[in-house]
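In the numbering used here, the protein residues as written are 88 to 322.
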Ligand SMILES: Nc1ncnc2c1ncn2[C@@H]1O[C@H](COP(=O)(O)OP(=O)(O)OP(=O)(O)O)[C@@H](O)[C@H]1O
Ligand SMILES: [Mg+2]
């Protein structure tokens, strides 16, 4: 049998709470995101989203149920402005789907909401700048606005603070708290300071399995968790 990146994970997220998913490099965190969003199919087991069976749904169907994700690596289009990114995201949430070549006029109706979303993540002043020219922290904030465009009930964030300086990290903490309101959030995060500040529950993975699950203060003292991190070369 081949290598299993995620194996026997039994996890129930609580509605409206912020969950952190942590664990050493290669633990299977991103793979779990790929399973939850339909990018990968499980070989066994089931995935329930909002009480319905989503095990066999495609990625776009899962997105339509109200699941949005941001990626571990920045994934923006070079030429589009910040606002255009959000407009396309807003359009993709409609029946029209994602049509890159739809006329400017068709997108125009999303401008007020698009600006509002950029405002929510602190980017109103750079709305018309090409995304490629934005500083890194603002790129990541833009990705959050794109994820929010669908008004997701479940928001999956893969390392939203990776590669950030202190200032951007604290801004992102505030931002996550702000966008979490009422939503279920699952956030992969290596920075334990961020985890302690935003997460009500921490799920720890190692080698494809969940090895601990609970409040930060409890999980951080768990011997299995300590051992998992000590075993990591670059912890
Ligand atoms: N498409 C793939 N094909 C083969 N192996 C893969 C694939 N994707 C991931 N893996 C392997 O699965 C394991 C889990 O990877 P994953 O990216 O889920 O880890 P992660 O917990 O997100 O790690 P990191 O903290 O470094 O982002 C790793 O050993 C990785 O090399
Ligand atoms: Mg990952």
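Backbone N, C-alpha and C fix where the C-beta goes; we use that ideal spot for every residue, glycine too.
Just checking my contact of residue i with residue j at CB under 8 Å: how many whole Å lie between their CB atoms?
| i | j | result |
| --- | --- | --- |
| residue 273 | residue 214 | 29 Å between Cβ atoms; not a contact. |
| residue 194 | residue 174 | 5 Å |
| residue 249 | residue 217 | About 23 Å; that fails the 8 Å criterion. |
| residue 280 | residue 251 | Incorrect: roughly 12 Å between the Cβ atoms, too far for contact. |
| residue 292 | residue 110 | 4 Å |
Sort the options by Cα distance to residue i and report the nearest one.
| i | options | result |
| --- | --- | --- |
| residue 318 | 102, 113, 90 and 99 | 113 |
| residue 120 | 307, 154 and 287 | 154 |
| residue 149 | 240, 172, 135 and 124 | 124 |
| residue 243 | 283, 111 and 116 | 116 |
| residue 205 | 126, 98, 106 and 262 | 262 |
| residue 158 | 291, 141 and 275 | 275 |
| residue 234 | 97, 161, 106 and 96 | 161 |
| residue 400 | 106, 280 and 165 | No information on residue 400 is available, as it lies outside the stretch 88 to 322 that the chain covers here. |
| residue 239 | 135, 145, 92 and 152 | 152 |
| residue 128 | 136, 145, 137 and 135 | 145 |
| residue 302 | 126, 289 and 137 | 289 |
| residue 181 | 168, 167, 210 and 147 | 147 |
| residue 264 | 105, 94 and 172 | 105 |
| residue 91 | 200, 118 and 97 | 118 |
| residue 133 | 97, 126 and 110 | 97 |
| residue 210 | 137, 135, 305 and 232 | 232 |
State the Cα-Cα distance for the pair residue i and residue j, rounded to the nearest angstrom.
| i | j | result |
| --- | --- | --- |
| residue 253 | residue 208 | 17 Å |
| residue 176 | residue 310 | 43 Å |
| residue 108 | residue 287 | 11 Å |
| residue 236 | residue 122 | 22 Å |
| residue 139 | residue 222 | 40 Å |
| residue 156 | residue 241 | 8 Å |
| residue 282 | residue 212 | 29 Å |
| residue 315 | residue 245 | 20 Å |
| residue 131 | residue 202 | 43 Å |
| residue 277 | residue 100 | 20 Å |
| residue 284 | residue 103 | 16 Å |
| residue 322 | residue 307 | Low confidence applies to residue 322: its pLDDT is 45, below 50, so where it sits in the model is not reliable, and the reading given next is rough at best. C-alpha separation (whole angstroms): 14 Å. |
| residue 196 | residue 179 | 13 Å |
| residue 94 | residue 312 | 18 Å |
| residue 247 | residue 137 | 24 Å |
| residue 142 | residue 126 | 11 Å |
| residue 305 | residue 198 | 45 Å |
Checking contacts by CB at 8 Å: is residue i closer than that to chain B?
| i | result |
| --- | --- |
| residue 193 | Absence of chain B from the displayed structure is noted, only one protein chain being present. |
**Request:** Evaluate contact between the region 255 to 275 and the region 221 to 229, counting only Cβ atoms and requiring at least three cross-stretch pairs below 8 Å.
**Result:** yes
**Prompt:** What are the complete alpha helix (DSSP H) segments, minimum 4 residues, inside the region 198 to 272?
**Reply:** 198 to 207, 223 to 235 and 253 to 267
**Prompt:** Should the region 265 to 272 be regarded as contacting the region 297 to 308, the criterion being three or more beta carbon pairs within less than 8 Å?
**Reply:** Cβ pair count under 8 Å is below three, so no.
**Request:** Note down, one range per segment and in chain order, each alpha helix (DSSP H) of at least 4 residues found wholly within the region 98 to 178.
**Result:** 116 to 123 and 146 to 153
**Asked** Can you list, in chain order, the stretches of the alpha helix (DSSP H) that have 4 or more residues and sit fully within the region 269 to 321?
**Response** Within the region 269 to 321, the runs of alpha helix (DSSP H) at least 4 residues long that lie entirely inside it are, in chain order, 279 to 285, 303 to 306 and 310 to 317.
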